[in-house]
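Keeping their order, the protein sequence lines are chains A and B. If you count the first sequence from 1, position 24 lands on 24 in my numbering, and the numbers rise without skipping. If you count the second sequence from 1, position 147 lands on 428 in my numbering, and the numbers rise without skipping. Ideal Cβ positions, reconstructed from N, Cα and C, are used throughout, including at glycine.
There are 2 protein chains.
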Amino acid sequence: MKLIRNPKQIQRCSLNLRSKGKRIGFVPTMGYLHEGHLSLIRRSVKECDLTVVSIYVNPLQFGPREDFKRYPRNLKRDMMLAAAAGADYVFAPRDIDMYPGEFLTAVCVDKIGKILCGSSRPGHFTGVTTVVTKLFNIVLPDIAYFGQKDAQQAVIIRKMVKDLNMPVTIKVLPTAREPDGLALSSRNAYLNPSQRQDALVIYKSLRKARQLIRQGERNPHTIVISIKRLIQRVDSARIDYINIVDAADLSRIEKIKGNILIALAVFIGKFRLIDNIVLRV
Amino acid sequence: MKLIRNPKQIQRCSLNLRSKGKRIGFVPTMGYLHEGHLSLIRRSVKECDLTVVSIYVNPLQFGPREDFKRYPRNLKRDMMLAAAAGADYVFAPRDIDMYPGEFLTAVCVDKIGKILCGSSRPGHFTGVTTVVTKLFNIVLPDIAYFGQKDAQQAVIIRKMVKDLNMPVTIKVLPTAREPDGLALSSRNAYLNPSQRQDALVIYKSLRKARQLIRQGERNPHTIVISIKRLIQRVDSARIDYINIVDAADLSRIEKIKGNILIALAVFIGKFRLIDNIVLRV
Chain A
1 MKLIRNPKQI QRCSLNLRSK GKRIGFVPTM GYLHEGHLSL IRRSVKECDL TVVSIYVNPL
61 QFGPREDFKR YPRNLKRDMM LAAAAGADYV FAPRDIDMYP GEFLTAVCVD KIGKILCGSS
121 RPGHFTGVTT VVTKLFNIVL PDIAYFGQKD AQQAVIIRKM VKDLNMPVTI KVLPTAREPD
181 GLALSSRNAY LNPSQRQDAL VIYKSLRKAR QLIRQGERNP HTIVISIKRL IQRVDSARID
241 YINIVDAADL SRIEKIKGNI LIALAVFIGK FRLIDNIVLR V
Chain B
282 MKLIRNPKQI QRCSLNLRSK GKRIGFVPTM GYLHEGHLSL IRRSVKECDL TVVSIYVNPL
342 QFGPREDFKR YPRNLKRDMM LAAAAGADYV FAPRDIDMYP GEFLTAVCVD KIGKILCGSS
402 RPGHFTGVTT VVTKLFNIVL PDIAYFGQKD AQQAVIIRKM VKDLNMPVTI KVLPTAREPD
462 GLALSSRNAY LNPSQRQDAL VIYKSLRKAR QLIRQGERNP HTIVISIKRL IQRVDSARID
522 YINIVDAADL SRIEKIKGNI LIALAVFIGK FRLIDNIVLR V
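Below, the structure written as structure tokens:
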């Protein structure tokens with residue numbers, strides 16, 4: 001496996017591979033890899049001729065008071081894990097090479113970028129879509145792999161790819177979880193043992209929602225209230241949002257029907273965690 | 282030469298050509314081709330394995346009171362001209378295929394998209410950068426050719442390509458002119474004979490500016506005032522803007538020095554025409 005730092009170098013390499021008809025798979029990450037990322041890499045290795053993993057903590061998608069600086073980083077460990085999962089290239093650019101000089105361009109997705117996580121993290125998704133556009137243009141993948149844990153991100157990227165005719169297939173793979181249900185996230189590293197225990201309420205509340213729906217509940221508000229109560233019982237937990245929306249376009253629903261996404265963000269202490277499930281009703 | 286209407290069809294075709302190592306040249310146009318466009322096509326034919334000309338009057342870059350509906354169109358004539366210039370494909374998509382369903386994504390270039398033409402045509406350059414991104418993703422060119430007549434557009438597209446790492450080389454070719462100096466533009470077709478005569482003041486004023494600079498004038502304000510006077514003598518002419526800026530990044534200059542762009546937009550009757558020259562001082 002090869003480490004490449006320079007965007008131009010990997011772009012030349014990708015252009016060359018594409019001109020030989022090679023199929024490039026791409027797993028964009030912010031590093032501190034966990035089983036969720038590795039499942040994406042392994043899928044790419046299975047489906048493509050070459051797999052590129054990018055490791056880049058993108059400053060553009062962090063708010064001024066967010067955790068950009070303390071976001072966990074460990075390139076050596078990431079490279080070992082990526083290599084073991086079968087990746088061919090790790091692309092880990094430096095900030096100065098990603099945003100040299102004055103940076104003026106943004107790729108924005110309206111509406112669906114402003115709700116849910118977008119309303120508590122203004123500018124976040126524009127940071128995401130802008131860097132993903134850059135990474136796609138640099139790596140030139142045939143297929144790019146994302147995790148369902150970032151459900152809204154996946155919907156927004158699919159919409160961007162469709163609207164801008166990007167020649168990339170987007171595949172979204174299931175959320176990887178700890179045995180006790182906690183969704184894997186690099187941010188779980190922030191949690192102390194008691195917070196780690198408290199964080200279980202997040203997936204527990206999603207399971208509760210699923211149970212209510214299976215029992216016939218069709219009113220999203222009733223379900224949200226029930227989830228709220230469950231989470232409010234945990235002292236260290238503070239709800240950012242809980243929402244039930246159409247899974248395809250994140251539009252509001254008044255009745256549980258079709259493919260629905262139940263998504264939430266919860267602060268455990270100072271740390272904001274997200275999770276979601278998709279149900280077909 | 283082949284006419285393709287469907288974005289997916291030409292994208293498949295381009296992906297296939299790229300995977301065989303073919304070099305694709307691209308000339309994006311709004312049609313009603315003139316010698317300016319044809320010079321771009323001929324250059325592409327000389328430099329690339331295949332040349333794609335797009336013909337698309339992009340609604341996104343027209344304001345609500347602008348000339349989208351009356352913009353001149355003549356696909357048959359355009360196809361003959363493109364073929365004669367050596368183009369291999371004309372890509373002329375339909376609106377419904379370029380903007381199907383709800384369109385939510387925009388590519389914006391800040392600052393340099395808001396001055397000059399951007400201040401009199403709000404949203405115009407976002408329409409341009411968004412459609413050019415789409416066209417680049419559909420046609421997948423190695424080289425894309427633009428005319429210097431749209432100087433600001435060229436600077437903005439170069440900046441977008443750099444910021445977003447688009448794998449495209451941008452080439453900007455000189456403005457083509459009538460023998461009497463009028464810059465070629467599809468919009469010249471709007472002018473009646475007397476307006477056509479009045480429009481000559483535009484290039485005349487640019488020549489005047491060049492002459493002043495050659496004579497040693499280094500104050501941009503003095504030059505702008507002198508141009509203004511010249512144009513104001515023509516009854517049907519109304520100045521939209523006259524500006525002298527840095528040719529590379531369109532920034533304000535206080536002194537004529539280095540590579541400078543003298544750009545202006547003038548209404549002749551109801552019709553807005555633009556022109557510019559670049560000088561190295």
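For residue i, go through chain B and note every residue whose CB falls closer than 7 Å to its CB, in chain order.
i: residue 13/A; result: What residue 13/A touches in chain B: nothing, since even the nearest Cβ is about 12 Å away.
i: residue 167/A; result: 292, 296, 418, 421
i: residue 60/A; result: Going along chain B, no residue has its Cβ under 7 Å from residue 60/A, so there is no contact; the nearest lies around 11 Å.
i: residue 193/A; result: Per Cβ cutoff of 7 Å: no residues; residue 193/A is ~42 Å from chain B at best.
i: residue 295/A; result: The question about residue 295/A has no answer here: the residues shown for chain A are numbered 1 through 281.
Identify which residue in the options has its Cα closest to the Cα of residue i.
i: residue 523/B; options: 546/B, 366/B, 349/B, 479/B; result: 546/B
i: residue 527/B; options: 562/B, 455/B, 553/B, 385/B; result: 562/B
i: residue 396/B; options: 417/B, 332/B, 376/B, 432/B; result: 432/B
i: residue 330/B; options: 343/B, 368/B, 345/B, 360/B; result: 368/B
i: residue 120/A; options: 62/A, 201/A, 179/A, 210/A; result: 62/A
i: residue 32/A; options: 82/A, 13/A, 18/A; result: 82/A
i: residue 253/A; options: 27/A, 18/A, 223/A; result: 223/A
i: residue 100/A; options: 518/B, 445/B, 302/B; result: 445/B
i: residue 494/B; options: 457/B, 559/B, 517/B; result: 559/B
i: residue 180/A; options: 193/A, 218/A, 162/A, 203/A; result: 203/A
i: residue 467/B; options: 428/B, 487/B, 404/B, 300/B; result: 428/B
i: residue 480/B; options: 553/B, 304/B, 383/B; result: 553/B
i: residue 17/A; options: 29/A, 42/A, 52/A, 40/A; result: 52/A
i: residue 244/A; options: 201/A, 97/A, 210/A, 238/A; result: 210/A
i: residue 70/A; options: 191/A, 207/A, 255/A, 34/A; result: 191/A
i: residue 29/A; options: 132/A, 123/A, 95/A, 155/A; result: 132/A
i: residue 127/A; options: 68/A, 182/A, 80/A, 178/A; result: 68/A
i: residue 376/B; options: 405/B, 341/B, 406/B, 385/B; result: 341/B
i: residue 276/A; options: 205/A, 221/A, 238/A; result: 205/A
i: residue 143/A; options: 79/A, 240/A, 104/A, 47/A; result: 47/A
i: residue 79/A; options: 238/A, 65/A, 2/A; result: 2/A
i: residue 282/A; options: 123/A, 12/A, 38/A, 103/A; result: Shown here, chain A extends from 1 to 281; a query on residue 282/A therefore has no answer.
In chain A, what lies closer than 9 Å to residue i by C-beta?
i: residue 389/B; result: 104, 105, 106, 107, 108
i: residue 542/B; result: Per Cβ cutoff of 9 Å: no residues; residue 542/B is ~17 Å from chain A at best.
Pop quiz: residue i and residue j are said to be a contact at Cβ under 8 Å. What is the actual Cβ separation, rounded to whole angstroms?
i: residue 269/A; j: residue 197/A; result: That pair is no contact at about 12 Å.
i: residue 234/A; j: residue 160/A; result: No, residue 234/A and residue 160/A are not in contact; Cβ-Cβ is about 36 Å, not under 8 Å.
i: residue 465/B; j: residue 426/B; result: With 8 Å as the limit, residue 465/B and residue 426/B do not qualify as a contact, their Cβ atoms being about 15 Å apart.
i: residue 302/B; j: residue 422/B; result: With 8 Å as the limit, residue 302/B and residue 422/B do not qualify as a contact, their Cβ atoms being about 14 Å apart.
i: residue 457/B; j: residue 317/B; result: 4 Å
i: residue 300/B; j: residue 19/A; result: 7 Å
i: residue 157/A; j: residue 129/A; result: 7 Å
i: residue 218/A; j: residue 255/A; result: 5 Å
i: residue 323/B; j: residue 366/B; result: 5 Å
i: residue 117/A; j: residue 274/A; result: 7 Å
Using a C-beta to C-beta distance shorter than 7 Å, which residues of chain A count as neighbours of residue i?
i: residue 361/B; result: What residue 361/B touches in chain A: nothing, since even the nearest Cβ is about 28 Å away.
i: residue 393/B; result: 104
i: residue 397/B; result: Ordered by position in chain A, no residue passes the 7 Å Cβ test against residue 397/B, which lies about 15 Å from the chain.
i: residue 440/B; result: 104, 105
i: residue 288/B; result: 165
Any idea which residues DSSP pairs residue i with across the strands?
i: residue 28/A; result: 54/A
i: residue 216/A; result: DSSP output for residue 216/A lists no bridge partner at all.
i: residue 458/B; result: 464/B
i: residue 355/B; result: In DSSP, residue 355/B forms no bridge with anything.
i: residue 108/A; result: 387/B
i: residue 452/B; result: 426/B
i: residue 233/A; result: In the DSSP output, where bridge partners are listed per residue, residue 233/A has none listed.
i: residue 241/A; result: 265/A
i: residue 204/A; result: BP columns for residue 204/A are empty, so no partner.
So residue i contacts chain B; which residues on that side make the cut at Cβ distance below 9 Å?
i: residue 19/A; result: 299, 300, 301, 302, 303
Open item on the list: For the segment 250-262 of chain A against the segment 333-341 of chain B, do three or more pairs of beta-carbon atoms, one drawn from each stretch, fall closer than 8 Å, so that the two count as touching?
Closed with: no
Open item on the list: Under 8 Å, with one C-beta from each stretch per pair, do the segment 7-24 of chain A and the segment 91-101 of chain A reach the 3-pair mark?
Closed with: yes
Open item on the list: Does the segment 165-178 of chain A come into contact with the segment 227-237 of chain A, if we say contact requires no fewer than three beta-carbon pairs (one atom in each stretch) closer than 8 Å?
Closed with: no
TODO: Report yes or no: do the segment 386-394 of chain B and the segment 356-365 of chain B share at least 3 C-beta pairs separated by less than 8 Å?
DONE: no
Task: the segment 128-144 of chain A contacting the segment 248-256 of chain A, beta-carbon criterion three pairs below 8 Å - done: no
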